[in-house]
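Chemist: Pasting a structure below so you can have a look.
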Amino acid sequence: MSLLRQGSRYLVVGLVQLVLDWAVFVAATALGMPAAPGNLLGRVSGMLLGFWLNGRYTFARDGEHRLGWPRFARFLLLWAVLTAISTLLVTLAAEHLGLRYAWLAKPLVEGGLAGLSFLLMRSLIFR
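Residues 394 to 520 in my numbering are what the sequence shown spells out, letter by letter.
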């Protein structure tokens with residue numbers, strides 16, 4: 394599958410993931426959850442949906458879905474590293490700028506990590 398086609402599918406899946414992740418983060422923190430666990434809850438929600446959609450549609454080859462436990466294990470490791478970075482940045486925004494600015498910063502943080510994530514998923518996870 395071409396890089397352009399995979400990239401466009403990854404973008405659509407990523408936007409769906411981002412909306413879910415952000416909505417869960419905002420709802421959880423608005424209800425009083427601290428930023429770090431709220432970010433983790435949002436990222437877990439988006440991660441589960443994203444792994445399934447990317448394996449089924451974005452990185453599928455010749456009708457063959459790219460799911461399964463070995464891929465999920467590699468995906469989980471990459472996700473944990475990116476989640477640590479995301480949580481650090483969102484928590485710093487909440488502590489230094491306030492919760493409402495952290496809500497605005499989260500899509501920027503996740504968008505920044507998305508490009509790196511695409512390259513790593515394409516080469517390490519769904520190869």
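Glycine included, every Cβ here is placed at the ideal spot set by N, Cα and C.
Source: prediction; values computed, not measured.
If you draw a straight line from the C-alpha of P500 to the C-alpha of L471, how long is it?
Modeler: For the purposes of this step, residue 500 is taken as the residue at position 107 of the sequence shown. For the purposes of this step, residue 471 is taken as the residue at position 78 of the sequence shown. So the alpha carbons of these two residues sit roughly 19 Å apart.
Chemist: Are F444 and F465 close, meaning C-beta to C-beta below 8 Å?
Modeler: If you number the sequence shown from 1, residue 444 lands on position 51. If you number the sequence shown from 1, residue 465 lands on position 72. A contact, by the Cβ cut-off of 8 Å.
Chemist: Taking 8 Å as the threshold (C-beta atoms), are L506 and L475 in contact?
Modeler: Here residue 475 refers to the residue found at position 82 of the sequence shown. Here residue 506 refers to the residue found at position 113 of the sequence shown. Contact flag set, yes.
Chemist: Is it right to say Y494 is buried, meaning 16 or more other beta carbons lie within 10 angstroms of its own, or is it exposed?
Modeler: Sequence index remark: in the sequence shown, residue 494 carries index 101 (1-based). Exposed: under 16 other Cβ atoms inside 10 Å.
Chemist: Return helix, strand or coil for R436, following the three-state DSSP convention.
Modeler: Counting from one through the sequence shown, the residue named residue 436 turns up at place 43. R436 falls in the helix class under three-state DSSP.
Chemist: Work out the CA separation of L460 and I478 for me, nearest whole Å.
Modeler: Taking the sequence shown and counting its residues from 1, the one referred to as residue 478 is at position 85. Taking the sequence shown and counting its residues from 1, the one referred to as residue 460 is at position 67. One C-alpha to the other measures close to 25 Å.
Chemist: My parser needs the beta strand (DSSP E) runs of 3 or more residues fully inside the segment 431-483; what are they?
Modeler: As far as the segment 431-483 is concerned, it has no whole beta strand (DSSP E) run of at least 3 residues.
Chemist: To the nearest angstrom, report how far apart A416 and G448 are at their CA atoms.
Modeler: Working through the sequence shown from its first residue, we reach residue 416 at position 23. Working through the sequence shown from its first residue, we reach residue 448 at position 55. Whole-angstrom Cα-Cα distance: 23 Å.
Chemist: Take the Cβ of G400 as the centre, count every other Cβ of all protein chains shown within 10 Å, and call the residue buried at 16 or more, exposed below.
Modeler: Position 7 of the sequence shown holds residue 400. The residue is exposed, with fewer than 16 neighbouring Cβ atoms inside 10 Å.
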